[in-house]
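Visitor: Numbering (the numbering used here), first residue to last: 970 to 1462.
Virtual Cβ for every residue (Gly too), placed ideally from N, Cα, C.
This is the structure, below, for whatever I ask next.
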RNA sequence: GGCGGCAUAGCCAAGUGGUUAAGGCAGCGGUCUGCAAAACCGUUAUUCAUCGGUUCGAAUCCGAUUGCCGCCUCCA
């Protein structure tokens, strides 16, 4: 089976064929470092994290580049208003970004270049575009002449005429065509600048990605991606710059994640309807946020709400409850290294066969345009199978059962490795989750445990009435008790 | 105005021509349990926004209609 992915450039799902056998180059546009990350940034990061993890899982040697835009109007504005340098601002938000992504379990990309590290490359590329007649200089600004690039609009599926018809074009006397975009801007007073053949200035937004992608991945690379709002104008302009200069395709596959919405509307700074990653991680385990994101296909819009996150939390709880049960069962196992899949009883063999099919089914779903919702469905199927199997097993469990459960655990963890889930110790996860939920509701863990202790004494004395009364009191606070041979545990509903 | 996307159960969400329309959450019934919980079993869409068409056969293809959303300005 080969991987298929949806290519926005061709508007088709295509078989993935890397330029170089066994190797993949990915460039995803990262953030402009002027503010903290919100859930939308988290989604994009998680999506491309899972794509790279899966490609690696399938044996590809992946080079993943994600840039930081550290020179831009908004960064300058923020630096000026706070009396700081642009570097202080971008440094602060890049660090915050990295902290958030680390907590979210997003693996660090292979390279994380910053625009200001590549000014020289940008100047060279702008020179090439000027030499080729694709750009022109006006009073220290350099603009790209879009009508000179015949394929302009091919990614976003619009023509220059269509865009001219649109009313919302910013008019500048300096531009020959209102759709022309800046490659280089002469610096105004109070703005940072770099020396260039056109005087002191700073780069336009789009040029950095053309330069950095080529620097790390070559003139043509495999996958270019980002949030779908980057299709136009950002990536359209990157194509014009890069392909205009090299005459070669910039990237073969263009992959975009959909937006996170709130009440059906795009999460954005201007609407003020955004939630920061830090906000959410105070209330939820990072894997809950990952599961929430991955339970929708990466291209679909996903509506964010506290309810939907709470649903994802229950899903993670199901996973970890099962993993915990597997661990408990396995802790009672002796040596089962002599067991193999071939000589099992009918019942063991049946469970074994179903559980060993998980990696295959998982890969099947992921091969199909990284269909994580389907892949996760298969993991839940396996959860049901292993739980049913465990329910039928008497303890102490047989070496054969140990073998089957060990196989199941490995299969779960292998899928988790790709999705960035199940990295926590199940016991820790469940306890942290419980305490966090208790905290959110203003419940005191000590009080709860004191009542549980009282109830334990009552149960020992077979005072069921008192035991049930305590259960009821706790239940009113959404606290659910579970009596097990090893003692009573509790959780929040 | 131009371009594009989406509409599947109470909620979330797979499925894009052909056996019983995945899975999760929530609900209900049962098993287990002192009572519970977890878990398991069963159950919850004869139907996929509406209307037409193509086809032996459509949630899936085509057309129209309605509704929602995104891009066209910085944006993940």
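Can residue 1323 and residue 1354 be called in contact, C-beta distance under 7 Å?
Guide: Counting from one through the first chain, the residue named residue 1323 turns up at place 354. Counting from one through the first chain, the residue named residue 1354 turns up at place 385. The answer is yes: Cβ separation under 7 Å.
Visitor: In whole angstroms, what is the alpha-carbon distance linking residue 1219 and residue 1183?
Guide: Position 250 of the first chain, counted from the start, is the residue given in the question as residue 1219. Position 214 of the first chain, counted from the start, is the residue given in the question as residue 1183. Going by the C-alpha atoms only, they are around 8 Å apart.
Visitor: Taking 7 Å as the cut-off, decide whether the C-beta atoms of residue 1285 and residue 1257 are in contact.
Guide: If you number the first chain from 1, residue 1285 lands on position 316. If you number the first chain from 1, residue 1257 lands on position 288. The answer is yes: Cβ separation under 7 Å.
Visitor: Among all the DSSP beta bridges, which residues are the ones paired with residue 1226?
Guide: In the first chain, the residue the question calls residue 1226 occupies position 257. Per DSSP, 1196.
Visitor: Who pairs with residue 995 in a beta bridge, going by DSSP?
Guide: Position 26 of the first chain holds residue 995. DSSP lists 1033 and 1192 as partners of residue 995.
Visitor: Measure the C-alpha to C-alpha separation of residue 1078 and residue 1017 and round it to an integer number of angstroms.
Guide: The residue you call residue 1078 lines up with position 109 of the first chain. The residue you call residue 1017 lines up with position 48 of the first chain. For residue 1078 and residue 1017, the distance between alpha carbons rounds to 10 Å.
Visitor: Just mark residue 1221 as buried or exposed, buried being the case when its beta carbon has 16 or more other beta carbons within 10 Å.
Guide: Counted from its first residue, the first chain places residue 1221 at position 252. Buried, since its Cβ has 16 or more Cβ neighbours within 10 Å.
Visitor: Inspect the beta-carbon positions of residue 1289 and residue 1152 and report whether they are closer than 7 Å.
Guide: By one-based count along the first chain, residue 1289 stands at place 320. By one-based count along the first chain, residue 1152 stands at place 183. Result no, Cβ atoms of residue 1289 and residue 1152 do not sit closer than 7 Å.
Visitor: Do you know how far the Cα of residue 1074 is from the Cα of residue 1384?
Guide: For this step, residue 1384 is matched to residue 415 along the first chain. For this step, residue 1074 is matched to residue 105 along the first chain. Going from the Cα of residue 1384 to the Cα of residue 1074 covers about 15 Å.
Visitor: So is residue 1251 buried or exposed if we call it buried at 16+ other beta carbons inside 10 Å?
Guide: Position 282 of the first chain, counted from the first residue, corresponds to residue 1251. With fewer than 16 other Cβ atoms within 10 Å, it is exposed.
Visitor: According to DSSP, what are the bridge partners of residue 1151?
Guide: For the purposes of this step, residue 1151 is identified with residue 182 of the first chain, where counting begins at 1. According to DSSP, which records beta bridges pairwise, residue 1151 is partnered with 1112.
Visitor: What separation, rounded to the nearest whole angstrom, lies between the Cα atoms of residue 1338 and residue 1121?
Guide: Against the first chain, residue 1338 aligns to sequence position 369. Against the first chain, residue 1121 aligns to sequence position 152. So the alpha carbons of these two residues sit roughly 27 Å apart.
Visitor: Which same chain residues end up closer than 6 Å to residue 1181 when comparing Cβ atoms and leaving out the 5 residues on each side of it in sequence?
Guide: Translated into positions along the first chain, residue 1181 becomes position 212. Excluding positions up to five away in sequence, the list reads 1036, 1082 and 1087.
Visitor: So residue 1080 is in the alpha helix (DSSP H); what residue range does that whole segment cover?
Guide: Within the first chain, numbered from 1, the residue matching residue 1080 stands at position 111. First-last for residue 1080: undefined, no H or E at that position.
Visitor: Based on Cα-Cα distance, which residue from 1038, 1039 and 1024 lies nearest to residue 1032?
Guide: Residue mapping note: residue 1032 aligns to position 63 of the first chain, counting from 1. Answer by Cα proximity: 1024.
Visitor: Residue 1022: which of 1388, 1462, 1396 and 1410 sits nearest, CA to CA?
Guide: Here residue 1022 is taken as the residue at index 53 of the first chain, counted from 1. Considering only alpha carbons, the answer is 1388.
Visitor: Measuring alpha carbon to alpha carbon, tell me which of 1002, 1085 and 1013 ends up nearest residue 1265.
Guide: The residue you call residue 1265 lines up with position 296 of the first chain. Residue 1265 has its Cα closest to that of 1013, out of 1002, 1085 and 1013.
Visitor: Rounded to the nearest angstrom, how far is the Cβ of residue 1224 from that of residue 974, given a contact under 8 Å?
Guide: For the purposes of this step, residue 1224 is identified with residue 255 of the first chain, where counting begins at 1. For the purposes of this step, residue 974 is identified with residue 5 of the first chain, where counting begins at 1. About 6 Å separates the two Cβ atoms, so the contact holds.
Visitor: At what residues does the alpha helix (DSSP H) containing residue 1349 begin and finish?
Guide: The residue labelled residue 1349 in the question sits at position 380 within the first chain. Run containing residue 1349: 1341-1361, per the alpha helix (DSSP H) assignment.
Visitor: DSSP has residue 1172 in a bridge; who is on the other side?
Guide: In the first chain, counting from the first residue as 1, residue 1172 sits at position 203. Answer is 1153.
Visitor: Could you check where the alpha helix (DSSP H) with residue 1026 kicks off and where it finishes?
Guide: Within the first chain, numbered from 1, the residue matching residue 1026 stands at position 57. Run containing residue 1026: 1008-1026, per the alpha helix (DSSP H) assignment.
Visitor: How long is the line joining the alpha carbons of residue 1446 and residue 1068, rounded to whole angstroms?
Guide: To locate residue 1446, count along the first chain from 1; it is residue 477. To locate residue 1068, count along the first chain from 1; it is residue 99. Looking at the two C-alpha atoms, the distance is approximately 34 Å.
Visitor: Excluding the 5 residues flanking residue 1164 on each side, which residues of the same chain have their C-beta closer than 7 Å to its C-beta?
Guide: Working through the first chain from its first residue, we reach residue 1164 at position 195. There are no such residues.
Visitor: From residue 1401 to residue 1254, what does the alpha carbon distance come to, in whole angstroms?
Guide: Position 432 of the first chain, counted from the start, is the residue given in the question as residue 1401. Position 285 of the first chain, counted from the start, is the residue given in the question as residue 1254. Going by the C-alpha atoms only, they are around 8 Å apart.
Visitor: Less than 7 Å separating the beta-carbons of residue 1449 and residue 1420?
Guide: Residue numbering aside, residue 1449 sits at position 480 when the first chain is read from its first letter. Residue numbering aside, residue 1420 sits at position 451 when the first chain is read from its first letter. Result no, Cβ atoms of residue 1449 and residue 1420 do not sit closer than 7 Å.
Visitor: Just to check my reading of the structure: residue 1410 and residue 1461 have Cβ atoms closer than 8 Å, yes? What is that Cβ distance to the nearest angstrom?
Guide: Start at 1 with the first residue of the first chain, and residue 1410 comes out as number 441. Start at 1 with the first residue of the first chain, and residue 1461 comes out as number 492. Between residue 1461 and residue 1410 the Cβ distance is about 7 Å, and since that is below 8 Å, they are a contact.
Visitor: Within the continuous alpha helix (DSSP H) that includes residue 1089, where are the two ends?
Guide: Position 120 of the first chain, counted from the start, is the residue given in the question as residue 1089. Run containing residue 1089: 1088-1100, per the alpha helix (DSSP H) assignment.
Visitor: Cβ of residue 1040 within 7 Å of Cβ of residue 1002?
Guide: Indexing the first chain from 1 puts residue 1040 at position 71. Indexing the first chain from 1 puts residue 1002 at position 33. Not a contact, by the Cβ cut-off of 7 Å.
Visitor: Hey, residue 1321 and residue 1310 are a contact pair by Cβ (cut 8 Å); roughly how many whole angstroms apart?
Guide: Taking the first chain and counting its residues from 1, one reaches residue 1321 at position 352. Taking the first chain and counting its residues from 1, one reaches residue 1310 at position 341. About 6 Å separates the two Cβ atoms, so the contact holds.
Visitor: Can you list, in chain order, the stretches of the beta strand (DSSP E) that have 3 or more residues and sit fully within the segment 1036-1068?
Guide: The segment 1036-1068 contains no whole beta strand (DSSP E) run of 3 or more residues.
Visitor: Under DSSP, the beta strand (DSSP E) around residue 1106 begins and ends at which residues?
Guide: Residue 1106 sits at position 137 when you count from the first residue of the first chain. Taken as a continuous stretch (DSSP letters only), the beta strand (DSSP E) holding residue 1106 covers 1104-1107.
Visitor: Since residue 1108 and residue 1144 are thought to touch, with beta carbons under 8 Å apart, how far apart are those beta carbons, to the nearest angstrom?
Guide: On the first chain, position 139 is the one that residue 1108 refers to. On the first chain, position 175 is the one that residue 1144 refers to. In fact, because the Cβ distance is near 12 Å, the residues do not count as touching under 8 Å.
Visitor: Measure the Cβ-Cβ separation of residue 1154 and residue 1127 and say whether it is below 7 Å.
Guide: Position 185 of the first chain, counting from 1, holds the residue named residue 1154. Position 158 of the first chain, counting from 1, holds the residue named residue 1127. No, the pair does not count as a contact, with Cβ atoms beyond the cut-off.
Visitor: What residues match up with residue 1450 in a beta bridge as DSSP calls it?
Guide: Residue mapping note: residue 1450 aligns to position 481 of the first chain, counting from 1. Residue 1450 is bridged to 1459.
Visitor: Is it buried or exposed for residue 946, if we count other Cβ within 10 angstroms and need 16 for buried?
Guide: In this structure the chain extends from 970 to 1462, so residue 946 is not present and cannot be described.
Visitor: Name, in chain order, the residues that DSSP records as bridge partners for residue 1337.
Guide: For the purposes of this step, residue 1337 is taken as residue 368 along the first chain, with counting starting at 1. Answer is 973.
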